[in-house]
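Student: I'd like to ask you about the structure that follows.
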Amino acid sequence: MAKLKLPKFFIAAGLFYAVIELLYSFDLMNGYILHIINQSLIYVILAVSLNLINGITGQFSLGHMGFAGVGAYVSGTLTTLIFKINPSAPGGMMIFVLSIIAGGIAAAFIGFLIGFPSLRLKGDYLAIVTLGFGEIIRTIFNNIDYVGGPRGLLGIPKFSNFTVIFIATFLTIVIIRNLIQSSHGRAMLSIRENELASELVGIDTTKYKVLAFSIGAFFAGIAGGLFAHLLQLAHPTQFGFIKSVEVLIMIYAGGVGSITGSMIAAFALTFLSEGLRIGIRFIADTTGLPIGGEWRMVVYSLLLIFIMLFRTEGLMGTKESRLIKIKEAD
Amino acid sequence: MSAQLTIKGMTHYFGGLRAVSNFSYEVPQGSIYGLIGPNGSGKTTTFNLITGIYTPTEGKILFEGKDITGAKPYKIVQGGIARTFQNLRIFSNLTALDNIRVARHYTMKSGLASSVLRLPSFMSEEKKVKAESAALLDLMHLSHRAKEEAKNLPYGELRRLEIARALATKPKLILLDEPAAGMNPKEVEELMSLIVRIRNEFHVTIFLIEHHMKVVMGICEQIKVIDFGETIAEGAPDAVAKDPKVLEAYLGKRGA
Amino acid sequence: MGSIFNAQQIVNGLQVGSIYALIALGYTMVYGIVRLINFAHGDFYMIGAYASYGAFFLFNSFFVGKTGILAFIVLVASMLAGGAIAMLANRLAYKPLRYKPKLSSLITAIGVSMFLEYFFSALPMIGPSYRSFPDIIPKIEIDLGVATISNYVIIDIAVAAVLMVGLTILVRKSVLGKAMRAVSQDKDAARLMGIDIEKVIGYTFLIGGAFAGVAGLLAGMTYPRIFPYMGIQPGLKAFIAAVLGGIGSIPGAVLGAYIMGLAETFASAYNSLIGEGIAFAILILVLLIRPRGLLGEKTADKI
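Put into structure tokens, the structure is as follows:
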């Protein structure tokens, strides 16, 4: 009879949550750091979901933030509508969760549509088309005045907090991990490895490619919704090509195909980004030199180039830490 | 008794180039048939047409009575035809075991939800697939490589792995594309007995492309010879070997 | 026939098409020779614009009144800058990855593009905002009744035409041109014939970058605003134009560029939103209906 063992990852996650909560409750951590942790967790969702498409299934999506945008706008519009009509609507949390999921589903639908070009296009061309789709989504939101157009959707109620974001991130990791470490996951990996051979061992590659895009888009939509309810706004510039490239840099830095790598990179790069922002402002203030925030992106782009030139496999390559990898019964 | 695989008048053009011309063949169930011809004669294209990678410009392909002409490759595979590739197409970054397991995937009934939730039905199916895959590795003397990434395996073992992977799709017919390529004489001997063993133990039909005359003469019951996409001879190996047209195709006019 | 298809729009379309053509040529030549979509190509255009801007202010005090010489200097500056940066990018970022999976090169190109854009906008003397491009040649407008043509239109089209003719002669008649064609068709065979592959690739980047640089100068002159991100949109459109014409084909790039210029002009006149999306719509149509483009060659993948 099998013993019920609590998986290592669950324990580690639980510890993480407890520690952060405790530190914050006892004022040992200020709200600013917690805010960055919240953002890092959301980027984990974005990175892991992009990794499913690019890293596991071997497709090339350059418009990932477009999916996040759909999630942000859909969920944001829902909550602002509901709470404008009835500011003290009961079950606020429930409504929030439902609207986030609605955002995810809307994003998944867009991902489903974008999955189809992926069937006939490879590498470079797929990249351009996904880039184009991402830009089209952004342009559409920029032009819909109902959701604020170029000013963005403002006044979104602040429902996102550490607990909600943590749970979402935790579920994302577990679901995607369980998917990858299963026969379905191996089917997706085989498409990456050799699509023709995959088809010739009976894998419906069409189904799995579209599935990868849909599932990846779903979680990106969730992330977008969480963002919108954290920053209390959704703005077209948050979901453009450069933002998609930032997520791309994360999965490459962490190791394309490694969930662990994506998690580490998401945290590292979010903190790095903040650190750079503060550092640059500090240098600018103290020296009086006109150093702008653009230098942050200069560093980012150099980081990407360096990774591609010197260590394409990133931090983890395609390996997982033992926390994430499910031990198979022999 | 009608043949398991029937190809009727198959012709295929790549743009203006005719790669296969009026190809007709009947391969009976349980047989070992061969397809030979000089390089570039259209052999691999024929396999690509049978497995649905290309749809023939003309002609029909029938498998166990069903018309599979132009069907999608994965459906043809699920219908019982497997193949190996001339230039190995292994899943390099997956383990040897995973290479096999992927080929078993379509037989699994567990959906996405049960795999994400790790339901008992999913767990038992995975266990079964793992055991079956391990058994296939064992058959090919590759058990010691089960957890090894395929890219680390030597060439000869990769060839065996591809055959094992083809077997894993539960085929009724296996198309082997130059299985003996790059093998030394001893390996060729082992391959020959392996192919016959597979046919006998798994009750599969074997249709193979080969350049190694020893293999063709040794195990094929019937062979077809093509050149420039056209059939130039067909019959038992001994008869075909003496056919002057065949000799001319391989050795040129003066060598006949 | 709608009122958008009037002579003025045709003139505008040909004008912007000329600029796209110069950029598209670079994309197509580089893709033809190394199968890489050089994401950073639009930024060579941007650098050409800034280089000519800088050259103008550097030299105009020496050549007051001598517009001809100034124009020449500025032209050369744009070509040198575009070509040099292109060669540098090739040497430092693309060459090391030449024989690695193509995806790595593509991502590196994205990185190079980002770097150039943000580096230029981060530099204090350049900055992220728009700059007015100086009047190197004073603008003269001629009213033809059915349309208004300025000398800028004539310059844009003429410069592009001269360069395109020059390129065609180079590719057809010169040794380098033959080498470029050989390397595009079969790298290994070319190497066996004693051609220095990397040198030929370098020259291809040089020419492509120089053309993009000139396009930047022309654009700066015509739409007199330059800014570090000015290469993004034209770069994308020129790339799509190259795909439309058949990526790898030089005449294709030119054909695609003029079609793109005209289509975009007509579409924008009709509705600005459609104007924004027409390039992408063209891309989707081409990739779904005729991926090799209008003049491209069918490549069969050997399985």
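Chains as they are written, first to last, in our numbering: chain C, 14 to 343; chain F, 4 to 259; chain R, -9 to 293. Where is the CB? At the ideal position from N, CA and C, for every residue including glycine.
Is there a Cβ of chain C sitting closer than 8 Å to that of residue 201(R), yes or no?
Tutor: Residue 201(R) does not count as touching chain C.
Student: Report the start-end ranges of each alpha helix (DSSP H) in the stretch 40 to 121 of chain F that is 4 residues or longer and not cut off at the edges.
Tutor: Counting only runs of 4 or more, we get 46 to 53, 76 to 81, 99 to 107, 115 to 119.
Student: Roughly how many angstroms lie between the CA atoms of residue 122(R) and residue 152(R), to the nearest whole one?
Tutor: Distance between the alpha carbons of residue 122(R) and residue 152(R) is about 27 Å.
Student: Residues of chain F with CB under 9 Å from residue 209(C), in chain order?
Tutor: 56, 76, 88, 92, listed in chain order.
Student: For the stretch 233 to 253 of chain F against the stretch 52 to 71 of chain F, are there 3 or more C-beta pairs whose distance is under 8 Å?
Tutor: No, because fewer than three Cβ pairs between the stretch 233 to 253 of chain F and the stretch 52 to 71 of chain F fall closer than 8 Å, the two stretches do not touch.
Student: Determine the chain F residues that contact residue 335(C) at a beta-carbon separation under 9 Å, and present them in chain order.
Tutor: Within chain F, no residue comes near residue 335(C); the closest Cβ sits about 15 Å away, beyond 9 Å.
Student: Helix, strand or coil for residue 274(R)? Go by DSSP, reduced to three states.
Tutor: In this structure, residue 274(R) counts as helix in the three-state DSSP scheme.
Student: Less than 8 Å between the beta carbons of residue 131(C) and residue 226(C), yes or no?
Tutor: Going by C-beta atoms, residue 131(C) is nearer than 8 Å to residue 226(C).
Student: Quick one: using the 10 Å Cβ neighbour count with 16 as the cut-off for buried, is residue 295(C) buried or exposed?
Tutor: Result: exposed.
Student: Going along the stretch 243 to 276 of chain C in order, which residues come within less than 8 Å of chain R, judged by CB to CB distance?
Tutor: Result list: 255, 258, 261, 265.
Student: Keeping to the same chain, check which residues put their C-beta closer than 6 Å to that of residue 280(C); ignore five residues upstream and five downstream.
Tutor: Excluding sequence neighbours, residue 280(C) sits near 53.
Student: Following the continuous beta strand (DSSP E) through residue 70(C), name the residue where it begins and the one where it ends.
Tutor: Note, residue 70(C): premise wrong, no beta strand (DSSP E); not H, not E.
Student: Could you pull out every residue in the same chain whose Cβ sits closer than 7 Å to the Cβ of residue 181(C), ignoring the five residues on either side in sequence?
Tutor: So the list reads 58, 235, 239, once near-sequence residues are dropped.
Student: Run the CB neighbour count on residue 134(F), radius 10 Å, all protein chains shown included, and call it buried at 16 or more, exposed below.
Tutor: That one is exposed.
Student: Quick check: the Cα distance between residue 6(F) and residue 34(F), rounded to an integer number of angstroms?
Tutor: So the alpha carbons of these two residues sit roughly 10 Å apart.
Student: So for residue 230(F), helix, strand or coil by DSSP?
Tutor: Residue 230(F): strand per DSSP, three-state reduction.
Student: Threshold first: 3 residues or longer. Then list the beta strand (DSSP E) segments lying entirely within the stretch 80 to 121 of chain R, N to C.
Tutor: Counting only runs of 3 or more, we get nothing.
Student: Note down, in chain order, each residue of its chain lying with its Cβ closer than 7 Å to the Cβ of residue 221(R), except the 5 sequence neighbours on either side.
Tutor: Excluding positions up to five away in sequence, the list reads 32, 33, 35, 36.
Student: Determine, for residue 172(F), whether the minimum Cβ-Cβ distance to residues of chain C falls below 8 Å.
Tutor: Closer than 8 Å: yes.
Student: Whole angstroms are fine: how far does the CA of residue 239(F) sit from the CA of residue 225(F)?
Tutor: The straight-line gap from Cα to Cα measures roughly 5 Å.
Student: Rounding to the nearest angstrom, what Cα-Cα distance links residue 195(C) and residue 282(C) in this structure?
Tutor: About 30 Å.
Student: Can you tell which of -4(R), 38(R), 12(R) has its C-alpha closest to the C-alpha of residue 148(R)?
Tutor: That would be 12(R), whose Cα lies nearest to the Cα of residue 148(R).
Student: Can you give, in chain order, each stretch of the alpha helix (DSSP H) that sits fully within the stretch 153 to 205 of chain C and has at least 4 residues?
Tutor: DSSP runs (the alpha helix (DSSP H)) wholly in the stretch 153 to 205 of chain C: 175 to 193.
Student: Who are the neighbours of residue 142(C) on chain R, taking C-beta pairs under 8 Å?
Tutor: Neighbours of residue 142(C) on chain R, chain order: 273, 274, 277.
Student: Could you spell out the range, first to last residue, of the beta strand (DSSP E) harbouring residue 162(R)?
Tutor: No beta strand (DSSP E) holds residue 162(R); the alpha helix (DSSP H) holding it covers 141 to 163.
Student: Taking only the alpha-carbon atoms, compute the straight-line gap between residue 254(C) and residue 86(C) and give it to the nearest angstrom.
Tutor: Their Cα atoms are separated by approximately 17 Å.
Student: Classify residue 19(R) as helix, strand or coil using the three-state DSSP reduction.
Tutor: Looking at residue 19(R) - three-state DSSP - the assignment turns out to be helix.
Student: Around the C-beta of residue 81(F), are 16 or more other C-beta atoms found within 10 angstroms, so that it is buried, or is it exposed?
Tutor: Residue 81(F) is buried by the Cβ-count criterion.
Student: Please name the residue, chosen from 237(F), 142(F), 37(F), 175(F), that lies closest to residue 218(F) on a Cα-to-Cα basis.
Tutor: Closest option to residue 218(F), Cα to Cα, is 37(F).
Student: Please work out which residues of its chain come closer than 6 Å, Cβ to Cβ, to residue 259(F), disregarding the five sequence neighbours upstream and downstream, and give them in chain order.
Tutor: Because residue 259(F) carries a pLDDT of 40, less than 50, the predicted location of this residue cannot be relied on, and the following value inherits that uncertainty. Once the five neighbours on either side are set aside, the close Cβ partners of residue 259(F) are 247, 250, 251.
Student: Quick one: using the 10 Å Cβ neighbour count with 16 as the cut-off for buried, is residue 187(F) buried or exposed?
Tutor: By the 10 Å Cβ count, residue 187(F) comes out exposed.
Student: Would you list, in chain order, the members of the stretch 132 to 155 of chain F that have their beta-carbon closer than 9 Å to a beta-carbon of chain C?
Tutor: Result list: 132, 133, 153.
Student: Give me, in chain order, the residues of the same chain whose beta-carbon lies closer than 6 Å to that of residue 212(F); leave out the 5 immediate sequence neighbours on both sides.
Tutor: The answer, listed in chain order, is 38, 46, 180, 181.
Student: Could you say which of 183(C), 55(C), 138(C), 117(C) lies nearest to residue 282(R) if we only look at CA atoms?
Tutor: Among 183(C), 55(C), 138(C), 117(C), the Cα nearest to that of residue 282(R) belongs to 138(C).
Student: Hey, how far is the Cα of residue 17(F) from the Cα of residue 76(R)?
Tutor: Each residue's alpha carbon lies about 38 Å from the other.
Student: State yes or no: is the C-beta of residue 219(C) nearer than 7 Å to some heavy atom of the ligand COA?
Tutor: Absence of the ligand COA from the depicted structure is noted, as is the absence of any ligand whatsoever, leaving it without description.
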